[in-house]
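The structure appears right after this line, and notes come after that.
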Amino acid sequence: MKDESLIGPWVRRFLLEHLVVERNLSRNTQASYRDTLTLLLPFASKQGGCAIDRMTVEELTPAIVRKFLD
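Residue numbering for the sequence shown follows the UniProt record's numbering, beginning at 1 and increasing consecutively.
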């Protein structure tokens, strides 16, 4: 597994660069995304049977996201 596929750096970039710099979203919207990811990642980790810090982008499947949203 390459470190490039770990989800942590991608989430960090999404929260710090995309939402703030590229989209210029309000602090409340940024907090909402952060809080949702704070709930989603442990759920996905449990569903996939891997540690959050070792989870890859590929392991966060559409099926897991759908289960989370149900």
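Glycine residues also receive a C-beta, built at the ideal position from the N, C-alpha and C atoms. Source: prediction; values computed, not measured.
Enumerate in chain order the residues of its own chain whose CB-to-CB distance from residue 50 is below 7 Å, with the five nearest sequence positions on each side excluded.
For residue 50, where only same-chain residues beyond five positions count, the Cβ hits under 7 Å are 59.
Would you kindly report the start and end of the unbroken alpha helix (DSSP H) that includes residue 36?
Element bounds for residue 36: 27-48.
Go ahead and pull the three-state DSSP assignment for residue 6.
In this structure, residue 6 counts as strand in the three-state DSSP scheme.
Can you list, in chain order, the residues of its chain with a C-beta nearer than 6 Å to that of residue 40? Leave out the 5 residues immediately preceding and following it.
Result list for residue 40: 68, in chain order.
Which residue comes first and which comes last in the alpha helix (DSSP H) that contains residue 64?
Residues 62-69.
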